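> Protein sequences appear in the order of chains A and B. Oh and the first sequence: position 361 is 361 in full-length UniProt numbering, straight run, nothing missing. Oh and the second sequence: position 245 is 245 in full-length UniProt numbering, straight run, nothing missing. Glycine included, C-beta positions come from ideal geometry on N, C-alpha and C. Keep in mind that this is a model prediction, so the values were computed, not measured.
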Amino acid sequence: MYDELKFDNCNHSKDPMVGCALEGATGVLAGIKDISIVIHSPQGCSSTVSAAYDVHEIDFTKRKVACTRLFETDVVMGASSKLKNLIEEADSKFKTKAIFVVGTCAADIIGEDIEGLCRNIQPQINAKLIPLMAGGFRGNLYDGIELGLNALFPFIKKQKEKIPDSVNLIAPQANLNPTWWADLKWVRETLEKVGIKVQAVLPHDTSLEELDNAGLASANILLSHDAGYKFGVKMQEVHGIPLILSDIPLPIGLKNTARWLRAVGNYFGVEEKVEAIIKDGEYMAIDVLRRRGLMMIPRYRNCRVAVSADATMGIGLTRMLFEELEMIPELLLFRSPVSDSQLLLENELNDMGITPKVVFSADGYQIKQSLMESCVDAVFGSSWEYYLAEELGIKFVFDVFSPTNRQNYLNRAYFGYEGMLNFLENVANDWERALRSKHINWEEYS
Amino acid sequence: MVGIANESVVFFGHLSELYQLAKEGKIETKLQGSHTRPCKFWTAMKILSGIKNTVVIAHGPSGCAFGVKQAYKLTNCRNSGSPYESIITTNIDEKAIVYGGEKELKGAILEVDKKYKPDVIFVATSCATGIIGDYVDAIVNKIKPKINAEIMAIHCEGFAGEYRSGFDLVFRQIVQLMDKPDSESRSKLANSVNIVGGKMGPERTEIETDVKELRRLIESMGANVNAVIAGNCSLEEIKQAPSVAVNCTLCLDLGYAIGREMLDQFDTPLNSTILPYGISATERWLREAAKHLHMENEAEKLIKREYEAIRIEFEEAKKYLAGKMAIVEGHDAIKSLSIAHMLERDFGMRAVIYNFHPWSTQARETSIDYLLETGLDPEILITKGTLAFGKYEAMVQTENELMEYLGDLNPETTVYFGSSMSFPNIPVVDLNAILNRPRFGYRGALKVAKCICTALEYSFRPRSWVTKKMVFPEDSGLCSAQSLTPKLAQDLPDCTVYAGRERGKCMMS
Numbered sequence: 001m002y003d004e005l006k007f008d009n010c011n012h013s014k015d016p017m018v019g020c021a022l023e024g025a026t027g028v029l030a031g032i033k034d035i036s037i038v039i040h041s042p043q044g045c046s047s048t049v050s051a052a053y054d055v056h057e058i059d060f061t062k063r064k065v066a067c068t069r070l071f072e073t074d075v076v077m078g079a080s081s082k083l084k085n086l087i088e089e090a091d092s093k094f095k096t097k098a099i100f101v102v103g104t105c106a107a108d109i110i111g112e113d114i115e116g117l118c119r120n121i122q123p124q125i126n127a128k129l130i131p132l133m134a135g136g137f138r139g140n141l142y143d144g145i146e147l148g149l150n151a152l153f154p155f156i157k158k159q160k161e162k163i164p165d166s167v168n169l170i171a172p173q174a175n176l177n178p179t180w181w182a183d184l185k186w187v188r189e190t191l192e193k194v195g196i197k198v199q200a201v202l203p204h205d206t207s208l209e210e211l212d213n214a215g216l217a218s219a220n221i222l223l224s225h226d227a228g229y230k231f232g233v234k235m236q237e238v239h240g241i242p243l244i245l246s247d248i249p250l251p252i253g254l255k256n257t258a259r260w261l262r263a264v265g266n267y268f269g270v271e272e273k274v275e276a277i278i279k280d281g282e283y284m285a286i287d288v289l290r291r292r293g294l295m296m297i298p299r300y301r302n303c304r305v306a307v308s309a310d311a312t313m314g315i316g317l318t319r320m321l322f323e324e325l326e327m328i329p330e331l332l333l334f335r336s337p338v339s340d341s342q343l344l345l346e347n348e349l350n351d352m353g354i355t356p357k358v359v360f361s362a363d364g365y366q367i368k369q370s371l372m373e374s375c376v377d378a379v380f381g382s383s384w385e386y387y388l389a390e391e392l393g394i395k396f397v398f399d400v401f402s403p404t405n406r407q408n409y410l411n412r413a414y415f416g417y418e419g420m421l422n423f424l425e426n427v428a429n430d431w432e433r434a435l436r437s438k439h440i441n442w443e444e445y446s
Numbered sequence: 001m002v003g004i005a006n007e008s009v010v011f012f013g014h015l016s017e018l019y020q021l022a023k024e025g026k027i028e029t030k031l032q033g034s035h036t037r038p039c040k041f042w043t044a045m046k047i048l049s050g051i052k053n054t055v056v057i058a059h060g061p062s063g064c065a066f067g068v069k070q071a072y073k074l075t076n077c078r079n080s081g082s083p084y085e086s087i088i089t090t091n092i093d094e095k096a097i098v099y100g101g102e103k104e105l106k107g108a109i110l111e112v113d114k115k116y117k118p119d120v121i122f123v124a125t126s127c128a129t130g131i132i133g134d135y136v137d138a139i140v141n142k143i144k145p146k147i148n149a150e151i152m153a154i155h156c157e158g159f160a161g162e163y164r165s166g167f168d169l170v171f172r173q174i175v176q177l178m179d180k181p182d183s184e185s186r187s188k189l190a191n192s193v194n195i196v197g198g199k200m201g202p203e204r205t206e207i208e209t210d211v212k213e214l215r216r217l218i219e220s221m222g223a224n225v226n227a228v229i230a231g232n233c234s235l236e237e238i239k240q241a242p243s244v245a246v247n248c249t250l251c252l253d254l255g256y257a258i259g260r261e262m263l264d265q266f267d268t269p270l271n272s273t274i275l276p277y278g279i280s281a282t283e284r285w286l287r288e289a290a291k292h293l294h295m296e297n298e299a300e301k302l303i304k305r306e307y308e309a310i311r312i313e314f315e316e317a318k319k320y321l322a323g324k325m326a327i328v329e330g331h332d333a334i335k336s337l338s339i340a341h342m343l344e345r346d347f348g349m350r351a352v353i354y355n356f357h358p359w360s361t362q363a364r365e366t367s368i369d370y371l372l373e374t375g376l377d378p379e380i381l382i383t384k385g386t387l388a389f390g391k392y393e394a395m396v397q398t399e400n401e402l403m404e405y406l407g408d409l410n411p412e413t414t415v416y417f418g419s420s421m422s423f424p425n426i427p428v429v430d431l432n433a434i435l436n437r438p439r440f441g442y443r444g445a446l447k448v449a450k451c452i453c454t455a456l457e458y459s460f461r462p463r464s465w466v467t468k469k470m471v472f473p474e475d476s477g478l479c480s481a482q483s484l485t486p487k488l489a490q491d492l493p494d495c496t497v498y499a500g501r502e503r504g505k506c507m508m509s
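1. Taking C-beta to C-beta, are residue 330 of chain B and residue 336 of chain B nearer than 7 Å?
2. Pair every Cβ in the region 116 to 125 of chain B with every Cβ in the region 66 to 83 of chain A, then say whether three or more of these pairs are closer than 8 Å.
3. Applying the criterion that 16 or more other CB atoms from any shown protein chain within 10 Å of the CB defines a buried residue, is residue 55 of chain A buried or exposed?
4. Please list, in chain order, all residues of the same chain as residue 240 of chain B whose beta carbon is under 7 Å from its beta carbon, the five residues on each side excluded.
5. Taking 7 Å as the CB-CB cut-off, is residue 227 of chain B touching chain A?
6. Residues of the region 51 to 71 of chain A in Cβ contact with chain B at a cutoff of 9 Å, in chain order, please.
7. For residue 420 of chain B, which residues from the same chain have a beta carbon less than 7 Å from its beta carbon, with the 5 sequence-adjacent residues on both sides left out?
8. How long is the line joining the alpha carbons of residue 64 of chain B and residue 19 of chain A, rounded to whole angstroms?
9. Go through its chain and collect everything with a Cβ distance to residue 82 of chain A's Cβ below 7 Å, but skip five positions before and after it.
10. By Cβ distance, which residues of its chain are closer than 8 Å to residue 483 of chain B, with the 5 residues on each side in sequence left out?
11. Short of 8 Å Cβ to Cβ, which residues in the region 75 to 91 of chain A face chain B?
12. When Cβ atoms are compared, which residues of the region 199 to 223 of chain B fall closer than 8 Å to chain A?
13. Can you name, in chain order, every residue of its own chain whose Cβ lies under 7 Å from the Cβ of residue 436 of chain B, other than the five neighbours on each side?
14. Kindly list the residues whose CB is nearer than 6 Å to the CB of residue 309 of chain A, restricted to its own chain and excluding five residues on each side of it in sequence; keep chain order.
15. Rounded to whole angstroms, what's the CA-CA distance from residue 115 of chain A to residue 53 of chain A? Just pull it up for me.
16. Are the beta-carbon atoms belonging to residue 358 of chain B and residue 29 of chain B less than 7 Å from one another?
17. From B/75, B/230, B/62, B/236, pick the residue whose C-alpha is nearest to that of residue 150 of chain B; which is it?
18. Note down, in chain order, every chain A residue with its Cβ under 7 Å from the Cβ of residue 104 of chain B.
19. With a CB to CB cut of under 7 Å and the five nearest residues on each side skipped, what residues in its chain are close to residue 213 of chain B?
20. Tell me which same chain residues have a C-beta within less than 6 Å of the C-beta of residue 385 of chain B, skipping the five on either side of it?
21. Along chain C, in chain order, which residues have C-beta atoms closer than 7 Å to that of residue 19 of chain A?
22. Following the continuous alpha helix (DSSP H) through residue 284 of chain B, name the residue where it begins and the one where it ends.
23. Helix, strand or coil for residue 156 of chain B, going by three-state DSSP, please let me know.
24. Is residue 512 of chain B helix, strand or coil by DSSP?
25. Tell me the rounded alpha-carbon separation between residue 199 of chain B and residue 205 of chain B.
26. What number of angstroms, rounded off, separates the C-alpha of residue 274 of chain B from the C-alpha of residue 46 of chain B?
27. Would you identify the three-state DSSP class for residue 56 of chain A, choosing helix, strand or coil?
28. Buried or exposed, going by whether 16 or more other CB atoms sit within 10 Å of the CB of residue 369 of chain B?
29. Following the continuous alpha helix (DSSP H) through residue 253 of chain B, name the residue where it begins and the one where it ends.
30. Check the Cβ-Cβ distances between residue 191 of chain B and every residue of chain A, and say whether any is below 7 Å.
31. Cβ of residue 478 of chain A less than 7 Å from any chain B Cβ?
32. Name, in chain order, the residues that DSSP records as bridge partners for residue 54 of chain B.
33. Applying the criterion that 16 or more other CB atoms from any shown protein chain within 10 Å of the CB defines a buried residue, is residue 264 of chain A buried or exposed?
34. Using a cut-off of 8 Å between C-beta atoms, extract the partners of residue 72 of chain B located in chain A.
35. Looking at residue 257 of chain B and residue 168 of chain B, is the spacing between their C-beta atoms short of 7 Å?
36. Closest to residue 163 of chain B by C-alpha separation, out of B/181, B/133, B/39, would be which residue?
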């Protein structure tokens, strides 16, 4: 169980830690190959879409985005002609198989008939036009991801037959690992090792052909505790593909990884292969830590910590910190609502027998207040928490989540066995740097 | 020039000619749909982010506040050691869109006043609340007696104006926070200036920046800087700002709006000159400031002293450069014009600005008018690539067009001033690179001279095939200018896109 914190003066004002629905929706579209996006919006929303492409780390030479750049006359008079012209130009120049026509707040509120316009001009456009209203007021980043995922349904062909031992992977990008695609890669490779085919990723670097064939999968696996659950349920209803593994944490830390793998093994009947992976993985991880990380035992044991993350990372990490590193999770700060994973969180905390303070949809003010009033020794978070904790005099801050100040040239998973080591390497380095003297009296040595 | 009649040329001539054609509608000035700039909301927020102990309440969905927070506030933490600062959203949802967001805004103002205790609360409207017509001014006025902070509404819906309108709007509006000067306050600040046209927040601590150089020069003359508006200034500094001897523009384009407003309202003089790149521009900047400070003698001594400190190296460099041609990348209109001015006046080079988008003739009208009046009328070359819709080839095209124009030009007689992510076969000088700071003032003049000499000295080295391939991959697809953040960082004010997940996204700031 948890102790949910309450805050004064936070009913109407938020210091947001996540973006709006537009960023989430276009963060889905950016994961599809051979599409382009026409944003029907004032030009500032283009920065939000650019951020969505950043999330997928799309090569700057391969982004295909155009914006109608709405101004006051467009808002008053309507901008259908402007949009039509831009769609035609984007079709001619980008030459993609599909164009998503995305309306944001301005277009959404004034009632631009994007759907009607797309339908009317489709005959003279080569690309398939998909309208998507994604006004920022329609919700937060995670709500936007659901909007974006729903926009993919027209591309998923209904299939009566299913390919045995095949899965789709849903919402890998709703993950605060700065190189989350490495987590996706770990999942893919691990499933392939045990003979399970990944039919489609919904979506990252996903082709329209792969989307078309997603209906052939015999199961769906959700790679986020923050978004995609509703889509998974709808896939179950529409395409008859069950959503599996949604009631256990993602594979963060040794125990969670074993649990996740065993659930896969149990569902697909590959228990023996899974046990081999677990045995090898645990041996490798512990062997490395014995050689290189022994000092963590006295350092981390009974260290009181705050975790500021999303549910995707935060739920699994809590067990890893508590059971495997013997830290004490005093405070869990979720920047996401954790609406579909709250039961999972409760079950996990009850199973561990701890009652940390918890904040859902935490904003910057609430994070700061929580840290100020807690007695934690260390914080797991992003660069945001790094600066907040620095101001509050908290000595150890582990900059492990997005947005990070850490330069990452190599992709590093946090899922799985090597993923645990990647995470702990970051923690160990931040720990070392935290204790290095900052104010050195150089005169004493001259 | 070689290839002057080439079919890819859209325009070749002087700035005044381009300006006239644009006014007459004879050249396309519209920005392509693939090219976006920050909207009015973003640029307004950039100025507001530079005022200390201020909370901005973005009245709208969370994305507008979140994006700006990532881009500006996080960058201030990272680069300048600022403490964490909030940007608040009223986070309106569909219900508020239908029924109005007044309740959310009232509640937010009261909450912010209690929990942050700011000097000023700015209520910034976004597209959503602008369109639905939330009565923001009435709410602000009605709630004023109930809170401790000063409060002001800023109507900066993203659709409500072009890129620079947000800058101008806020600069004009914050003048309303200022106190009318009296003889006592004028006397107190008789030896002070404001540097106007700043934005975003404090300067980096670990490197010499342009603002620091200007501050150093002012203080070396015996004067003081009351405030950099709005680069880390306080409400108190803003309030007393009109009492200074003179406002000095940091960026002519941005500083003019606030400077003009203060001149009109408070008779505060305005020293409005070109960006002080190089000695000629710096001298003008200093002399205009000194006139109002009544420190003409001190200024002349300073000018002499400062020039003497760099004279030997500078004049040596000048010999090396006189008569050579400079190709100046035109993505940032004001910088390219300022650099052209410096290269002509200080180094005796012939400057040609390459691919200056005609849109800039309208977006930067104030500055262009001024520069033409001063007699600066550089040559402008525009090729089709500049006006192409978002194809990646637009970038390759402009690069290839540049190569074509350079033709057989001798690398020893031509220098390219632009991004290091251009790869012409002549020496490249990237004045925007972080190690090449400051650029203003005398130290800046010397720095520029050294950069140019270094580029020429190592012009024998071919450009790295590694970095060239990073920018121009063989299998590149299409892209829009918005995506070309690394290359076009100069085209966007410092860090106006998301700070992103990695430090490198802010490498130009």
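In this structure, then:
1. By one-based count along the second sequence, residue 330 of chain B stands at place 330. By one-based count along the second sequence, residue 336 of chain B stands at place 336. In this structure, residue 336 of chain B lies closer than 7 Å to residue 330 of chain B by Cβ.
2. The way I'd put it, the region 116 to 125 of chain B doesn't touch the region 66 to 83 of chain A; fewer than three beta-carbon pairs between them come closer than 8 Å.
3. Counted from its first residue, the first sequence places residue 55 of chain A at position 55. By the 10 Å Cβ count, residue 55 of chain A comes out buried.
4. Along the second sequence, one-based indexing puts residue 240 of chain B at 240. Within the same chain, residue 240 of chain B has close Cβ partners 179, 185, 189, 226.
5. Translated into the one-based positions of the second sequence, residue 227 of chain B becomes position 227. Not an interface residue.
6. Answer in chain order: 51, 53, 54, 55, 57, 58, 59, 60, 61, 62, 63, 64, 65, 66, 67, 68, 69, 70, 71.
7. As a working note, residue 420 of chain B is residue 420 in the second sequence. Short of 7 Å from the beta carbon of residue 420 of chain B, and not among the five residues preceding or following it, lie these beta carbons of its own chain, in chain order: 428, 430, 433.
8. What you label residue 64 of chain B is simply residue 64 of the second sequence in a count that begins at 1. What you label residue 19 of chain A is simply residue 19 of the first sequence in a count that begins at 1. So the two alpha carbons sit approximately 8 Å from each other.
9. Here residue 82 of chain A is taken as the residue at index 82 of the first sequence, counted from 1. Hits under 7 Å: 68, 74.
10. Position 483 of the second sequence holds residue 483 of chain B. Residue confidence for residue 483 of chain B is low, a pLDDT of 37 falling below 50, so the modelled location carries little weight and cannot support an answer.
11. 75, 86, 89, 90
12. For the region 199 to 223 of chain B, the set of residues with a beta-carbon nearer than 8 Å to any beta-carbon of chain A is empty.
13. Residue 436 of chain B sits at position 436 when you count from the first residue of the second sequence. Cβ neighbours of residue 436 of chain B beyond the five flanking positions: 430, 447, 451.
14. For the purposes of this step, residue 309 of chain A is taken as the residue at position 309 of the first sequence. Result list for residue 309 of chain A: 176, 401, in chain order.
15. As a first step, residue 115 of chain A is located in the first sequence; it is residue number 115 there, counting from the start. As a first step, residue 53 of chain A is located in the first sequence; it is residue number 53 there, counting from the start. One C-alpha to the other measures close to 24 Å.
16. Within the second sequence, the letter at position 358 stands for residue 358 of chain B. Within the second sequence, the letter at position 29 stands for residue 29 of chain B. A contact, by the Cβ cut-off of 7 Å.
17. Position 150 of the second sequence, counted from the start, is the residue given in the question as residue 150 of chain B. Ranking the options by Cα distance to residue 150 of chain B, first place goes to B/236.
18. Taking the first residue of the second sequence as 1, we reach residue 104 of chain B at position 104. What residue 104 of chain B touches in chain A: 12.
19. Position 213 of the second sequence, counted from the start, is the residue given in the question as residue 213 of chain B. Correct list, in chain order: 438, 440, 441, 443, 444.
20. Start at 1 with the first residue of the second sequence, and residue 385 of chain B comes out as number 385. 394, 397, 398, 401.
21. The structure shown has no chain C; the protein chains it does contain are A and B.
22. One-based indexing of the second sequence puts residue 284 of chain B at position 284. Looking at the DSSP string, the run of the alpha helix (DSSP H) that includes residue 284 of chain B is 278 to 293.
23. Within the second sequence, residue 156 of chain B is the residue found at index 156, counting from 1. Coil, per DSSP.
24. Chain B is shown only over 1 to 509; residue 512 of chain B falls outside these bounds and no answer can be derived.
25. Within the second sequence, the letter at position 199 stands for residue 199 of chain B. Within the second sequence, the letter at position 205 stands for residue 205 of chain B. The alpha-carbon of residue 199 of chain B is positioned some 16 Å away from that of residue 205 of chain B.
26. For this step, residue 274 of chain B is matched to residue 274 along the second sequence. For this step, residue 46 of chain B is matched to residue 46 along the second sequence. So the two alpha carbons sit approximately 22 Å from each other.
27. Here the question's residue 56 of chain A lines up with position 56 in the first sequence. Looking at residue 56 of chain A - three-state DSSP - the assignment turns out to be helix.
28. The residue you call residue 369 of chain B lines up with position 369 of the second sequence. Exposed, because fewer than 16 other Cβ atoms sit within 10 Å of the Cβ of residue 369 of chain B.
29. The residue you call residue 253 of chain B lines up with position 253 of the second sequence. Counting along the chain, the alpha helix (DSSP H) containing residue 253 of chain B begins and ends at 252 to 266.
30. Here the question's residue 191 of chain B lines up with position 191 in the second sequence. Output row for residue 191 of chain B: interface = no.
31. Missing from the structure shown is residue 478 of chain A; chain A here goes from 1 to 446 and no further.
32. Residue mapping note: residue 54 of chain B aligns to position 54 of the second sequence, counting from 1. BP columns for residue 54 of chain B point to B/120.
33. Taking the first sequence and counting its residues from 1, one reaches residue 264 of chain A at position 264. It is buried - the Cβ of residue 264 of chain A has at least 16 other Cβ atoms within 10 Å.
34. Here the question's residue 72 of chain B lines up with position 72 in the second sequence. What residue 72 of chain B touches in chain A: nothing, since even the nearest Cβ is about 12 Å away.
35. Within the second sequence, numbered from 1, the residue matching residue 168 of chain B stands at position 168. Within the second sequence, numbered from 1, the residue matching residue 257 of chain B stands at position 257. Cβ distance < 7 Å, so residue 168 of chain B and residue 257 of chain B count as in contact.
36. Looking up residue 163 of chain B in the second sequence gives position 163. Per the Cα distances, B/39.
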